[in-house]
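Using the working numbering, you'd call the opening residue of the sequence shown number 3 and step up by one each time.
Cβ atoms here follow ideal geometry from the backbone N, Cα and C, with glycine treated the same way.
For reference, the structure discussed in these notes is given below.
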Amino acid sequence: GKINQVTAQATLNADWVSGEAIGLEFNKIGNMVIANFSASITNVTGMHLFIGTAPEGFRPSQVTPMPAIFVPTSTTDYEARIMVINPDGSIQIAKNPTVTGTFFCAMVYFV
């Protein structure tokens, strides 16, 4: 393992499930958090802008946008969206998903 690394998992809103095996894993090294975050939407009816919550101790001190998350728009196409992590840990996506499937992004931010 990496020196001084702490790992924790995010929790997801009921309509989202973990994408990959490490889809919810947040690694913290000092004040830096690195995560390969992926999640799958299982139901596209209703409002699903709230994906889940980052674990305590892994939350940014200010609103932190992740400008390049890739959301499926069909079985073969993706579009870039913005995702935001808030100081309260809430993880939000811009625009409701229109199809079920998995989105993914790499995140690096400071706490």
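| Check | Outcome |
| --- | --- |
| Beta-carbon gap between residue 95 and residue 26 smaller than 7 Å | no |
| Cβ pair count under 8 Å reaching 3, the region 74 to 82 against the region 6 to 20 | no |
| Simplified DSSP state of residue 69, which is helix, strand or coil | strand |
| Local Cβ density within 10 Å of residue 32, reported as buried at 16 or more and exposed below that | exposed |
| Neighbourhood of residue 91 by C-beta distance below 6 Å, restricted to the same chain and skipping five residues each side | 55, 56 and 61 |
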